[in-house]
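Notes to accompany the following structure.
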Amino acid sequence: MTVTGSRGRRERLRAETTAEIKKVALSLMAKGGPDAITLRAIAREMGMTANAIYGYFPTRDDLVTTLINDVYTALADAVDTAWATTPSADPAVRIQAWANAFRTWALVNPQGFRLIYGDSVPGYQAPEGGPAPDAARRVCTGLTALAAAAWPYARHLYQGSIFAWSDFDPGLLEKVRPAFPDLPPAAVALALRIWGHLHGLVSLEVYGHMRTQTTSPEKLFQEELAQLIQTLGIPRRR
């Protein structure tokens with residue numbers, strides 16, 4: 009075997025082992041919550057020594073950061089694709105597409121959703137700037153794009169808004185104001201309201217709280233989404 013072939017094989021095996029470590033970590037979280045993510049527990053599940061795991065992830069926090077970045081990026085890819093592949097001239101359809109992509113991703117990846125938006129990993133220290141700054145920016149600006157698409161139809165509803173830029177976290181404004189320089193504070197507040205609608209129902213569904221309440225969570229989500237679009241005054245194209 010050539011030196012190049014040997015190196016390629018080692019790199020492939022390393023990539024496969026890294027992927028398995030991350031898969032096992034999420035599986036442990038599903039069974040035992042965020043406390044269950046430890047390098048020793050992962051090593052035990054994989055039949056490896058703890059020292060061998062450290063060769064892939066020096067600390068538990070390095071692993072958690074990688075997991076969050078992976079799942080957050082996958083979510084950002086899903087909602088960005090949904091938005092980009094729907095007609096810009098039809099804001100109702102674009103909002104529906106983004107919202108449904110968000111829900112679908114969350115239901116397919118419940119542990120990833122919990123890692124991003126739900127259960128914090130005890131003792132985890134995120135790196136400066138956050139574990140997934142690019143993905144967080146993309147999802148945040150994508151959500152604000154929903155409000156921006158609705159704003160021409162909804163602005164008259166918020167003429168009396170008392171929101172000012174000082175009411176928002178500077179980190180949020182750093183993400184959304186460069187992308188939407190013409191939006192007023194009231195529109196950013198609208199983005200957060202839209203987020204509340206979508207995130208609330210999806211969280212209840214991911215955490216299993218809908219199971220004993222309704223046999224049709226999909227229908228409930230779609231009706232809530234249709235009602236949201238209606239209250240924003242966005243016309244439905246036929």
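In this text, residue positions in the sequence shown follow my numbering: the first is 9, and each later residue adds one. For every residue, glycine included, the Cβ atom is placed at its ideal position computed from N, Cα and C.
Inter-segment contact for the region 86-98 and the region 213-226 is absent: fewer than three beta-carbon pairs are separated by less than 8 Å. Closest in C-alpha terms to Phe188, from the list Leu154, Ala144 and Arg52, comes Leu154. The C-alpha of Gln104 lies about 7 Å from the C-alpha of Leu233.
Annotation: the continuous alpha helix (DSSP H) that includes Gln238 extends over Pro225 to Thr239. With fewer than three CB-CB distances shorter than 8 Å, the region 121-132 does not count as touching the region 182-202.
In the DSSP assignment, Gln104 falls within the alpha helix (DSSP H) that extends over Pro99 to Val116. Residue environment: Gln119 is assigned as buried (16 or more neighbouring CB atoms within 10 Å of its CB, all protein chains considered). The region 98-114 makes no contact with the region 60-68; the number of CB pairs closer than 8 Å stays below 3. DSSP places Ser96 outside any alpha helix (DSSP H), giving it a letter other than H or E. Around Ala162, the same chain offers Leu240 and Gly241 as residues with beta carbons nearer than 6 Å, after the five sequence neighbours per side are excluded. Spanning the alpha carbons of Gly168 and Glu24 requires a straight line of approximately 56 Å. Cα atoms of Leu71 and Pro135: separation of roughly 12 Å, rounded to the nearest angstrom. Ranked by how close their Cα comes to the Cα of Ala199, the residues Leu180, Pro95 and Tyr125 have Leu180 in first place. The beta carbon of Leu228 is closer than 8 Å to those of Leu209, Met218 and Thr222 in its chain, skipping five residues each way along the sequence. The C-alpha of Arg48 is placed about 15 Å away from the C-alpha of Thr26. Excluding residues up to 5 positions away in sequence, Leu71, Thr74, Leu75 and Asp78 lie with their Cβ nearer than 8 Å to the Cβ of Lys30 in the same chain.
Looking at the backbone, the Cα of Leu83 and that of Trp113 are separated by about 7 Å. Sequence-distant partners of Ala58 (beyond 5 residues in either direction) whose C-beta falls short of 8 Å from its own C-beta, in its chain, are Leu47, Arg48 and Ala51. The alpha-carbon separation between His164 and Ala194 amounts to approximately 11 Å. Comparing C-alpha distances from Phe176 to each of Val196, Val147 and Leu191 shows the shortest one belongs to Val196. In this structure, Leu123 lies near Leu34, with their beta-carbon atoms less than 9 Å apart.
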